[in-house]
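*Asks:* Just so it is clear: in the sequence shown, position 82 is 82 by UniProt numbering, and no numbers are missing.
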Amino acid sequence: MVTLLLIALAGLAAQLVDGGIGMGFGVTSTTLLLLAGLGPAQASAVVHTAELGTTFASGISHWRFGNVDWKIVLKLGVPGAIAAFAGATVLSNISTDAATPITSLILVCIGINLIWRFSRGRTRRQSAQRAHSTGFLASLGLVGGFVDATGGGGWGPVSTSTLMAIGKEQPRRIVGTVNTAEFIVTAGATLGFVLGLWEDIVAHFAAVVALLIGGVIAAPIAAWMVSRLNPVMLGGFVGTAIVALNFDKVAAGTETYFGWSVPGWLTPAVVITVLMLGVLLTFQGVQRNRAARAAEADSDNRSRPEPHTLRNVVDSEPKGTKVRQRGR
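(1) In the structure shown, what three-state DSSP assignment does aspartate 69 receive?
(2) Report the rounded CA-to-CA distance for alanine 203 versus phenylalanine 85, giving the unit in angstroms.
(3) Express the C-alpha separation of glycine 285 and glycine 153 in angstroms, rounding to a whole number.
(4) Considering only residues of the same chain and omitting the five flanking positions on each side of leucine 16, which have a CB-CB separation below 7 Å?
(5) Could you tell me which of Gly53, Leu32 and Gly11 sits nearest to threonine 180, measuring between CA atoms?
(6) Please report the straight-line C-alpha distance between phenylalanine 258 and alanine 269, rounded to a whole angstrom.
(7) Output needed for valine 216: all residues of its chain with C-beta closer than 7 Å, excluding positions within five of it in sequence on either side, in chain order.
(8) Ordered along the chain, which non-local residues of its own chain (more than five positions away) have a Cβ less than 8 Å from that of lysine 322?
(9) Straight-line CA distance for glutamate 182 to arginine 302?
(10) Can we say the stretch 35–53 touches the stretch 169–180, given the rule of at least three CB pairs closer than 8 Å?
(11) For lysine 249 and threonine 100, what's the separation of their Cα atoms in angstroms?
(12) Starting from the Cα of serine 131, find the closest Cα among Gly278, Lys71 and Gly253 and give me that residue.
(13) Take glycine 235 as the anchor and find which of Trp63, Thr89, Met1 and Ile112 has the nearest alpha-carbon.
(14) Between leucine 277 and alanine 14, what straight-line distance do the alpha-carbon atoms span, to the nearest angstrom?
(15) Rounded to whole angstroms, what is the Cα-Cα separation between alanine 251 and alanine 244?
(16) List, from N- to C-terminal side, the alpha helix (DSSP H) runs of 4 residues or more that fit wholly inside the stretch 144–196.
(17) Between valine 279 and chain D, is the shortest Cβ-Cβ distance under 8 Å, so that the two count as touching?
(18) Taking Cβ to Cβ, would you say valine 232 is nearer than 8 Å to glycine 80?
(19) Our contact map puts proline 157 next to isoleucine 242 with C-beta atoms below 8 Å; I'd like the distance itself, whole angstroms only.
(20) Enumerate in chain order the residues of its own chain whose CB-to-CB distance from residue 329 is below 6 Å, with the five nearest sequence positions on each side excluded.
(21) Residues in its own chain within less than 6 Å of alanine 189 by CB, not counting five upstream and five downstream?
(22) Out of curiosity, what's the CA-to-CA distance linking leucine 105 and valine 73?
(23) Taking only the alpha-carbon atoms, compute the straight-line gap between phenylalanine 247 and valine 271 and give it to the nearest angstrom.
(24) Taking the C-alpha atoms as reference points, what is the distance between leucine 163 and leucine 38?
(25) Considering alanine 57, what are the terminal residues of the alpha helix (DSSP H) in which it resides?
(26) Can you tell me whether DSSP reads leucine 92 as helix, strand or coil?
(27) Helix or strand or just coil, what does DSSP make of tryptophan 224?
(28) Would you check if the distance between the CB atom of phenylalanine 193 and the CB atom of serine 92 is smaller than 8 Å?
(29) Cutting at 6 Å between CB atoms, please list the residues of its own chain near serine 119, excluding the five before and the five after it.
(30) Is it buried or exposed for glutamate 51, if we count other Cβ within 10 angstroms and need 16 for buried?
(31) Determine the DSSP secondary structure at alanine 10, reduced to helix, strand or coil.
(32) Using CA coordinates, which residue listed in Ala43, Asp298 and Thr30 is at the minimum distance from leucine 197?
(33) Three-state secondary structure (DSSP) at glycine 121?
Put into structure tokens, the structure is as follows:
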């Protein structure tokens, strides 16, 4: 009972993170289940089954707060579901541990780019005005869905971080859209796991329910939180989270691929440094963004004619002259 309560609390905390910055539920929950003794495939199956409920609740909450672009949801989610089904089928039979360091390295690079860009106070690129192409969204969905199913999490880090780096939408809209599309992706992954690991899902069904309860409770809170956060702050925190959550896998990969042994103290030291530096640069970006918005508002106010100027113009008209009304 104590273990299930801890799993439920972990689901609540993971959903707050996932719903607030667009990633973290799968990674956090899978890590906990691995520590509890489940294998990678079993842990991923349990997490994705629970996510059927948490992602549905998260999507509804984000929709109610106006954080969802439904056109992107379908173009991103349907290919993601197909890839997630394939990934779940693969994971049910083989391990993909060798691919984890490479994926994590890509995500770390994307996260660093996000920290740098939002530290400058920018919420979107000036040149990024056109909508995402269908081909791009489909490709992103395929990669994100496969990584998510095989790694027990990764839809948010791949999809949210990529869309954030491109910067065509507000961060809160990206988070809400990606979270909503994740329900479709989760359905595809769960179907693959049901076909391959049905007995394992049934055996750990109590853990599924515990994760589900915690996540559903947190979903509306997270959706409210993301609609209230400063966009620059949200984007900076997303980048910081990506780097912090993936650096340990990159460090482990150096031994897998190159035979280099990383000292035990190095990884936590780097993660703590990343968190401190990421928070510092994010708040620096928030201050720059506020200063830029204040300067823009001041410029707009100066360009508008003042009320007393308009009154002077009217008073200067000759007596008996009627002011011609628009539309006549």
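Even for Gly, the Cβ is constructed at its ideal location relative to N, Cα and C.
Owing to the predicted nature of the structure, the values given are computational and were not obtained by experimental measurement.
*Replies:* So, to answer that:
(1) Locating residue 69 in the sequence shown gives position 69, counting from the first residue. In this structure, aspartate 69 counts as coil in the three-state DSSP scheme.
(2) Against the sequence shown, residue 203 aligns to sequence position 203. Against the sequence shown, residue 85 aligns to sequence position 85. Roughly 21 Å separates the two Cα atoms.
(3) On the sequence shown, position 153 is the one that residue 153 refers to. On the sequence shown, position 285 is the one that residue 285 refers to. The straight-line gap from Cα to Cα measures roughly 29 Å.
(4) Translated into the one-based positions of the sequence shown, residue 16 becomes position 16. Only Ala218, Ile221 and Ala222 meet the Cβ criterion.
(5) Along the sequence shown, one-based indexing puts residue 180 at 180. A check of alpha carbon separations from threonine 180 across Gly53, Leu32 and Gly11 identifies Gly53 as the nearest.
(6) Along the sequence shown, one-based indexing puts residue 258 at 258. Along the sequence shown, one-based indexing puts residue 269 at 269. Distance between the alpha carbons of phenylalanine 258 and alanine 269: 22 Å.
(7) Taking the first residue of the sequence shown as 1, we reach residue 216 at position 216. Taken in chain order, the residues that qualify are Gly53, Thr54 and Ala57.
(8) Here residue 322 is taken as the residue at index 322 of the sequence shown, counted from 1. Caution applies to lysine 322, whose pLDDT of 48 falls short of 50 and renders its modelled position unreliable; the value that the coordinates give is listed next. Here the set comprises nothing.
(9) As a working note, residue 182 is residue 182 in the sequence shown. As a working note, residue 302 is residue 302 in the sequence shown. Rounded to whole angstroms, glutamate 182 to arginine 302 spans 46 Å at the Cα level.
(10) no
(11) On the sequence shown, residue 249 is found 249 positions in, with the first residue counted as 1. On the sequence shown, residue 100 is found 100 positions in, with the first residue counted as 1. Between lysine 249 and threonine 100, the C-alpha separation is close to 7 Å.
(12) Numbered from its first residue, the sequence shown carries residue 131 at position 131. Checking the sequence, you will find alanine at residue 131 rather than serine. Cα-wise, what sits closest to alanine 131 is Lys71.
(13) The residue given as residue 235 occupies position 235 in the sequence shown. Selection Trp63, Thr89, Met1 and Ile112 evaluated against glycine 235 yields Ile112 as nearest (Cα-Cα).
(14) For this step, residue 277 is matched to residue 277 along the sequence shown. For this step, residue 14 is matched to residue 14 along the sequence shown. For leucine 277 and alanine 14, the distance between alpha carbons rounds to 23 Å.
(15) Position 251 of the sequence shown, counted from the start, is the residue given in the question as residue 251. Position 244 of the sequence shown, counted from the start, is the residue given in the question as residue 244. Each residue's alpha carbon lies about 12 Å from the other.
(16) 161–166
(17) Going by chain labels, chain D is absent from the structure shown, which holds only one protein chain.
(18) Walking along the sequence shown from the start, residue 232 turns up at place 232. Walking along the sequence shown from the start, residue 80 turns up at place 80. Going by C-beta atoms, valine 232 is not nearer than 8 Å to glycine 80.
(19) The count along the sequence shown starts at 1 and reaches residue 157 at position 157. The count along the sequence shown starts at 1 and reaches residue 242 at position 242. About 6 Å separates the Cβ atoms of proline 157 and isoleucine 242, confirming a contact at the 8 Å cut-off.
(20) With the chain covering only 1 through 328, there is no way to say anything about residue 329.
(21) Taking the sequence shown and counting its residues from 1, the one referred to as residue 189 is at position 189. The answer, listed in chain order, is His48, Ala84, Ala88 and Ala149.
(22) If you number the sequence shown from 1, residue 105 lands on position 105. If you number the sequence shown from 1, residue 73 lands on position 73. Near 26 Å, if we compare the C-alpha coordinates of valine 73 and leucine 105.
(23) The residue you call residue 247 lines up with position 247 of the sequence shown. The residue you call residue 271 lines up with position 271 of the sequence shown. Taking the straight line from one Cα to the other gives about 7 Å.
(24) For the purposes of this step, residue 163 is taken as residue 163 along the sequence shown, with counting starting at 1. For the purposes of this step, residue 38 is taken as residue 38 along the sequence shown, with counting starting at 1. When rounded, the distance between both Cα atoms is 33 Å.
(25) Numbered from 1 along the sequence shown, position 57 holds the residue referred to as residue 57. Unbroken alpha helix (DSSP H) run through alanine 57: 40–64.
(26) For this step, residue 92 is matched to residue 92 along the sequence shown. It should be noted that the sequence gives serine, not leucine, for residue 92. The answer is coil: DSSP assigns serine 92 none of H, G, I, E or B.
(27) As a working note, residue 224 is residue 224 in the sequence shown. Here tryptophan 224 sits in helix by DSSP.
(28) Your numbering for residue 193 matches position 193 in the sequence shown. Your numbering for residue 92 matches position 92 in the sequence shown. Yes, they are a contact pair.
(29) For the purposes of this step, residue 119 is identified with residue 119 of the sequence shown, where counting begins at 1. Excluding positions up to five away in sequence, the list reads Leu281, Gln284 and Gly285.
(30) Locating residue 51 in the sequence shown gives position 51, where the first residue counts as 1. By the neighbour-count rule (16 or more Cβ atoms within 10 Å), glutamate 51 is buried.
(31) Taking the first residue of the sequence shown as position 1, residue 10 is located at position 10. Here DSSP, grouped into helix, strand and coil, assigns alanine 10 to helix.
(32) In the sequence shown, residue 197 corresponds to position 197, counting from 1. Nearest C-alpha to leucine 197 among Ala43, Asp298 and Thr30: Ala43.
(33) Locating residue 121 in the sequence shown gives position 121, counting from the first residue. Of the three classes helix, strand and coil, the one that applies to glycine 121 here is coil, per DSSP.
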